[in-house]
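The numbering of the sequence shown is our numbering, which starts it at 25 and goes up by one.
Cβ atoms here follow ideal geometry from the backbone N, Cα and C, with glycine treated the same way.
Keep in mind the model is a prediction, meaning the values are calculated, not measured.
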Amino acid sequence: MTTAARYLYLARHGEATDDESGLSANGRRQAALLGERLRHTALSAIHHGPLPRAAQTARLVAEQLDGVPLNCAEPAGDYLPYLPARDELPPEIADATLERLAQFPPEERDPGPGLARAALARFTGPVEGDAPRHELVVTHNFLVAWLVRDALDAPKWRWIGLNHANAALTVIRYAPGRPASLLLQNDTGHLPGELRWTGFPPELHV
């Protein structure tokens, strides 16, 4: 079977409203600017999670493109992709990390590992055929972190602490016979300064 490279474009949704029912005005601007950046990319599909903030971001991106289909995909949703055991974590962060993860509701914790495996099966690796494929997944911070961790072959718990700004762009290349390549991570070059740090903890702003 012939295989070709997959270029996986990952974007966290735009800034959400306080109740997370959709995008804020800033989030809508971020999504439109992300679409403009991707306008000349040969995307074959845009996949997005089912929650409104991801679905709305994907639609606004698609409005800037020429007929790229939208696909709602549950594995692109918002969930905890992996729940580490205490002995996997560095001792100095183990208690605080486990306490923080325990605060998430069961609907984000329980199905997460299965959805994370489904995301790896659906979105990663080379593709069948002899033509490269470019796909965008509009999702949430945790899944972007999980896929970056996987591309780097890092320990499974290491998705924790990888933060991504709203509408930032990450690109991973999966070429036949080669390790995955992280081409871009958390790139906000398409956003003006006032829109670049939403979604990031304040102490990480630079």
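- In the DSSP assignment, N95 forms a beta bridge with H71.
- Taking all protein chains in view, the Cβ of A120 is surrounded by fewer than 16 other Cβ atoms within 10 Å, so the residue is classified as exposed.
- P203 is not a Cβ neighbour of R30, given a cutoff of 8 Å.
- One thing to note: A35 has its Cβ no nearer than 8 Å to the Cβ of V172.
- Within the same chain, and ignoring the five residues on either side of N165 in sequence, the residues whose Cβ sits closer than 6 Å to its Cβ are R36, H188.
- Secondary structure note for N210: its beta strand (DSSP E) is the uninterrupted segment 205–211.
- Exclusion of the five residues before and after G136 leaves Y103, L104, P105 as the residues of its chain whose Cβ lies within less than 6 Å of its Cβ.
- A buried status is given to I70, since no fewer than 16 other beta-carbon atoms sit within 10 Å of its beta-carbon.
- In the structure shown, I196 falls within a strand segment according to DSSP collapsed to helix, strand and coil.
- Put simply, of I196, L107, V92, K180 the residue whose alpha carbon is nearest the alpha carbon of T148 is I196.
- Separation of L125 and G51 (C-alpha to C-alpha, rounded to the nearest whole angstrom) is 26 Å.
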